[in-house]
Structures are given as C-alpha cells and as structure tokens.
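Note sheet for the following structure.
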Amino acid sequence: MTREEILLALYDIMQHQLELPSMAAFHEDARLNEDLYMDSIMILQLILHLEVDLGFDIPDEMLVPKDFRTVGSLADFLNRLQKPVTAEASYD
Amino acid sequence: MFFVNDQYYTLDDLEQQYTEFENTPHLRDCGNRRLAVCMPDVFQWLALCLFVRRKGGSIVPIHPSVPKEGAIRVASSAGSHILLYGNTHTPIELSEQKNAREGVLVQMSSGTTGAPKCIERSWDCIELELESYVSVLPADHQTTSIVACPVTHSYGLICGVFASLRRGAEPVILSNMNPKYVLKKIKEHPKHILYGAPALLHTLTLLIRDGARFDCVMTSGTLMPSVWLESLKSITNRVLQQYGCSEAGCVAIHPDVSDPREMGYPLPHVNVEAGSREYPGEIIIRDSEKTIFTKDLGYVEDGVLSFLARMDDTINVAGLNVYPQEVEDVLMAEPRIAEAVVYKKIHPLSGERVCAQYVCTQPIEEQELREWCREYLAPYQIPMEFIQTEEIEKLPNGKISRKRLGEGVLA
Numbered sequence: 001m002t003r004e005e006i007l008l009a010l011y012d013i014m015q016h017q018l019e020l021p022s023m024a025a026f027h028e029d030a031r032l033n034e035d036l037y038m039d040s041i042m043i044l045q046l047i048l049h050l051e052v053d054l055g056f057d058i059p060d061e062m063l064v065p066k067d068f069r070t071v072g073s074l075a076d077f078l079n080r081l082q083k084p085v086t087a088e089a090s091y092d
Numbered sequence: 093m094f095f096v097n098d099q100y101y102t103l104d105d106l107e108q109q110y111t112e113f114e115n116t117p118h119l120r121d122c123g124n125r126r127l128a129v130c131m132p133d134v135f136q137w138l139a140l141c142l143f144v145r146r147k148g149g150s151i152v153p154i155h156p157s158v159p160k161e162g163a164i165r166v167a168s169s170a171g172s173h174i175l176l177y178g179n180t181h182t183p184i185e186l187s188e189q190k191n192a193r194e195g196v197l198v199q200m201s202s203g204t205t206g207a208p209k210c211i212e213r214s215w216d217c218i219e220l221e222l223e224s225y226v227s228v229l230p231a232d233h234q235t236t237s238i239v240a241c242p243v244t245h246s247y248g249l250i251c252g253v254f255a256s257l258r259r260g261a262e263p264v265i266l267s268n269m270n271p272k273y274v275l276k277k278i279k280e281h282p283k284h285i286l287y288g289a290p291a292l293l294h295t296l297t298l299l300i301r302d303g304a305r306f307d308c309v310m311t312s313g314t315l316m317p318s319v320w321l322e323s324l325k326s327i328t329n330r331v332l333q334q335y336g337c338s339e340a341g342c343v344a345i346h347p348d349v350s351d352p353r354e355m356g357y358p359l360p361h362v363n364v365e366a367g368s369r370e371y372p373g374e375i376i377i378r379d380s381e382k383t384i385f386t387k388d389l390g391y392v393e394d395g396v397l398s399f400l401a402r403m404d405d406t407i408n409v410a411g412l413n414v415y416p417q418e419v420e421d422v423l424m425a426e427p428r429i430a431e432a433v434v435y436k437k438i439h440p441l442s443g444e445r446v447c448a449q450y451v452c453t454q455p456i457e458e459q460e461l462r463e464w465c466r467e468y469l470a471p472y473q474i475p476m477e478f479i480q481t482e483e484i485e486k487l488p489n490g491k492i493s494r495k496r497l498g499e500g501v502l503a
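Respectively, the protein sequence lines represent chains A and B. Residues 1 to 92 (my numbering) make up the first sequence, in order. Residues 93 to 503 (my numbering) make up the second sequence, in order.
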C-alpha cells in the first residue's frame, strides 16, 4: 500500500467501522485524541481492523504515543511497518 | 515488587520514592488532607497512593487522560485540598475547607445513571475487602496478576494491584494498551490472571494466534455477550468474573463462568441479597458499616448471584419484565450480527417497548431478524424497532448507556 492508500484505508475504517462523529475534522494533521475524539477502546478497535481486515502486523511492543498522535503519524508508522528493515536502510 | 510495562520496581525503589515524598512539604503533611492525583507515571501514582494511605490521608484518583481543567473540576467536587496534575512538584491549591472525614479513597461513580457521585471508602474498609477477596480468589503467589485496565479505578487498583501484592505476587501493570503487547506479556507469564474489561478481552480473543492460550482471565464492569464469552472460553483455561460497585468494592467472584450473568459467590465480608429466579429483585449489599442499594436487578440461586440488568434498563412491557441482555444474546447469535444493544423507549400510548440497535457484517432484512427472534423469544420480548447502525454509541468509560439510546419517543 502506498501512503496515500493507507490514508484512505484509515479514513474508511474511521468512517465506516468506528463511525466517528468527528470525521469532518479528518486530515493528516488531525490528532486522534483531541480532534477526532478517539478513546482507548476506539484505538483498540482501530488496531483490530488494521490487523484483521487490512493484514498489518502491528508489532507486539509498546506503542509509541508519537506514532498514534495524528492521522499522518499513524500513516507513517503503518508505511514503515510494510517495509522490510533492509529495504528501509537502502533508502537512506 | 511490581512491573509497570517492562520496568521492574523493587521495594527499595518504593522506599526511595517515599523518602522523596517526605522531603516535599505538601506531601509530608498529607495526613488528614485530601489529594487529587492525575499523573501519567503509574509508578509514581501507586507510590503516592500507598504513601497517602500510610499517612492516613485521602486520595482522589483521576484517570491520566483527563485534561487539566477537567481534573480541577473533578478534584474540587471531591473536596480535594490540592491537585497534583502531571507531577508531584507543582501542587494546585484548591481548598482549605475541612471535610467530614479523611483517610479515604474517593471515587467518582461511573455516571451511567446520571451525574457522577462522589464515593468515599475508608482504608480499613478496603483492607477488609482485600482480605476477603484474596481468601476466595483461586490464585496463589505464583500466579501473576496482569492488570490491563486503569489503576485509577477500583477494579484495577484494588483487585488488580493491591490484592496481588497482598497475596505475595508481583503484579504486571500495563499502561500500554497495544493488544499485541498485552498478548506478549501473557506469553512471558504463562501462569497468570489477566484483569481486563470485556472489550479488551474480546479484542485479544480475535488477535491471539498459534494455538496460544490464556491461563485465567477476569472480567468485570459490564456483561459480556454470550458469544464473546464462548470464544474467550475456548482459548482460556478458566474465565472468572467479579461483581461489585464503587460503594462496596468487589462483593462476588465467580471462579469459572459459563453464563455471563452469573456473578458468582458473595465474598465472606458481605451479605448479598437479591430476589429469586422467579421473582428477581434489587441486589442489596450489606457490610459491617452500611447497606447499599445497587439499583441492579438480580437473583441468588444455589449461592450464586446472577445479574440481570440495571433496574433502570429493565423493560416493563405491559407488566412483563424484559432483560435487555437476554434479547441481545439472541440477536448476537445471528451470524451476521456483530454487535447489538437493546433498550427501552416510551410509547405514548402503550408504555415501555423493546428497541434494538445492531451492527451487522452483511445486510439483513428486518423481516429475517424478526423471524430469527421469533424462534427464541416471546412476542413481548421481540424488539418493536430495529435500527441498523455503523457503531453503537458508548460512554467515555466504554459502557453502553441504554438510557441514552432510549431517549426520544417511539414514533
């Protein structure tokens, strides 16, 4: 998935699965907590959809709050997940 | 002593923290004072809580996600003298007024039924609950409590952390709610009892892989749909459930749940009363100090307390009681229905009527749903109104407010 496609997929989950009432605020810079009003249960559901529906393999480590701060940072995080470490290294 | 996520804290670390508190004037003199605490650092929060308890002061836990203005409001309404927001160094002074009593844990009730109430429990009373709780919990000091729920709430704080320390085990407190991380921790501690709320437990059930299993799982707070319980049971050695309320703490434990309504056996330090299976009644809890009317409807049979519904949620259809959970279970047993909630609406002519909202994975005709219900339910139990929705509205604490869903009048 390209980063654009990831953003679309996030939009789709938030709109249709989580049915956030605050989708008008959806934007790369929108903060999940403050702007989209997502609580911990919604984040839990979001992770579940990312894993089960979209096949992302969320690592079993501590989630870095920075990654889950905004729609854009989450898209970056998911984008990084898709790339094998070696490939990522070769971009630098 | 205990883990917070990956970080291990020893008794020495705790003693060191106490010394630091002793050197902080507004903490050293916290006896007979009321401290509200809203802090992201779980270790500091727990250390402070234990410190204040030792000093005979009072503490008002506030969930770390609450913003500053909100925390000030809660702290003030709970009669706090100071609020520690974010850290222990910069207290916010709130009041100099004396409260009727100190030496208490103050909690705000969930507010499912109205405005949140301020509930005070003495440390002695919590001690008694702990002793009673540990005496019946089927877990020894080698069983690790994995606490995957807020430790600012009595379920996580008292039953998760304090009870574990009391039975000589080292709890693992998870503030990181990545479900995959929770699963990893479970693998690291094969002999465990996991404390969580139904929504988390269900998510974990859907994510667990490679034949992995849970050892013991504790659920509490809200009834788990039967289908969720079934799938959880299939990958868990033992599912436990506990029942209680902010006023009394935990009052009943079920050591091996097969029906989500069965809350289990009353703890030895309380007397629990409810109706019979034929005539359910309000669940009434008596301890040495007080009598608590829970506004929960239930019954006791063979020594087991069962919970049917919040009294406010029970639907009275022309004199017949309908318990929302019973109807929800039938709806959720339909394979295409992912989630369902049943609540009442007032019909201007005929009184209370059963209504339902549901989330489905594939489209369902309302007629099909009615026929499905007709197979399992009496006519008065079948919802009059079905509303398909993308998601069921929840309160900030993750609970469904049937009252809120039913607001408005049936057309």
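From the three backbone atoms N, C-alpha and C, an ideal C-beta is built for every residue, glycine too.
* To do: On a CA-only basis, which of B:Leu400, B:Ala167, B:Leu249 is nearest Arg353 (chain B)? Give me that one, please.
  => B:Leu400
* Decide if Lys437 (chain B) is buried, meaning its Cβ has at least 16 other Cβ atoms within 10 Å, or exposed. => buried
* Asked: Looking at Ala448 (chain B) and Val434 (chain B), is the spacing between their C-beta atoms short of 8 Å?
  -> yes
* To do: May I ask you to report which of helix, strand or coil DSSP gives Cys122 (chain B)?
  => coil
* Would Met269 (chain B) count as contacting chain A if we go by Cβ distances under 8 Å? -> yes
* Please list the partners that Thr276 (chain B) has in chain A, where partner means a Cβ-to-Cβ separation under 7 Å. => The identity of residue 276 (chain B) in the sequence shown is Lys, whereas the question assumes Thr. Per Cβ cutoff of 7 Å: Asp60.
* Asked: With distances taken between CB atoms, is the gap from Ala255 (chain B) to Leu292 (chain B) smaller than 8 Å?
  -> no
* To do: Could you confirm whether any beta carbon from chain A is found closer than 8 Å to the beta carbon of Ala366 (chain B)?
  => no
* On the three-pair Cβ rule with 8 Å, is the segment 40-57 of chain A touching the segment 100-117 of chain B? -> no
* Asked: Between which two residues does the beta strand (DSSP E) carrying Thr210 (chain B) extend?
  -> In the sequence under discussion, the amino acid at residue 210 (chain B) is Cys, which differs from the Thr named in the question. Where Cys210 (chain B) is concerned, the enclosing beta strand (DSSP E) stretches over 210-214.
* Asked: Using a Cβ-Cβ cut-off of 6 Å (strictly less than) and excluding sequence neighbours within five positions of Ala336 (chain B), which residues of its own chain qualify?
  -> Before going further, note that residue 336 (chain B) is Gly rather than Ala in the sequence given. Excluding sequence neighbours, Gly336 (chain B) sits near Cys342, Val343.
* Asked: Roughly how many angstroms separate the alpha carbons of Leu140 (chain B) and His155 (chain B), rounded to a whole number?
  -> 15 Å
* Residue-chain proximity (Thr204 (chain B), chain A), Cβ-Cβ < 8 Å -> Unreliable positioning characterises Thr204 (chain B) in this predicted model, as indicated by a pLDDT of 48, which lies under 50. A coordinate reading is not provided.
* To do: Identify every residue that forms a DSSP beta bridge with Arg146 (chain B).
  => Its beta-bridge partners do not exist; DSSP assigns none.
* Any chain B beta carbon closer than 8 Å to Phe77 (chain A) -> no
* Asked: Is there a Cβ from chain A that is less than 8 Å from the Cβ of Thr235 (chain B)?
  -> no
* Where Thr204 (chain B) and Leu497 (chain B) are concerned, what is the direct C-alpha to C-alpha distance, given to the nearest angstrom? -> Reliability fails at Thr204 (chain B), whose pLDDT of 48 lies under 50, so the model's placement of it is uncertain and no value is given.
* **Closest Cα partner of Pro372 (chain B) within the set B:Arg378, B:Gly171, B:Ser398** => B:Ser398
* To do: Please state whether DSSP places Asp92 (chain A) in a helix, a strand or coil.
  => In this prediction, Asp92 (chain A) has a pLDDT of 46, which is less than 50 and means its spatial position is unreliable; nothing more can be read from the coordinates.
* **Residues that DSSP places opposite Tyr101 (chain B) in a beta bridge** => B:Phe94
* Members of the segment 172-184 of chain B near chain A, C-beta cut-off 7 Å -> none
* For the alpha helix (DSSP H) containing Met42 (chain A), list its first residue and its last residue. => 40-52
* Compare the Cα-Cα distances from Gly81 (chain B) to each of B:Pro159, B:Ser169, B:Leu119, B:Leu176 and report the closest residue. => One cannot answer for residue 81 (chain B) here, as it falls past the ends of chain B, which runs 93 to 503.
* Asked: Within this structure, are the beta carbons of Ala231 (chain B) and Cys308 (chain B) separated by less than 8 Å?
  -> yes
* What residues of chain B sit near Ser73 (chain A), judged by a beta carbon separation below 9 Å? -> Within chain B, no residue comes near Ser73 (chain A); the closest Cβ sits about 15 Å away, beyond 9 Å.
* To do: May I ask which residues mark the beginning and end of the beta strand (DSSP E) holding Ala432 (chain B)?
  => 429-439
* Is there a Cβ from chain B that is less than 8 Å from the Cβ of Leu81 (chain A)? -> no
* Assigned secondary structure, Gly498 (chain B) (DSSP; H/G/I helix, E/B strand, else coil) -> coil
* Asked: Are three or more beta carbon pairs between the segment 256-269 of chain B and the segment 360-370 of chain B nearer than 8 Å?
  -> no
* **Through-space distance from Val446 (chain B) to Gly206 (chain B), alpha-carbon basis** => Unreliable placement is indicated for Gly206 (chain B), whose pLDDT of 49 sits below 50; no coordinate value is reported for it.
* To do: Spatial neighbours of Phe77 (chain A) within its chain, please: CB distance less than 6 Å, with the 5 preceding and 5 following residues excluded, ordered by chain position.
  => Asp67
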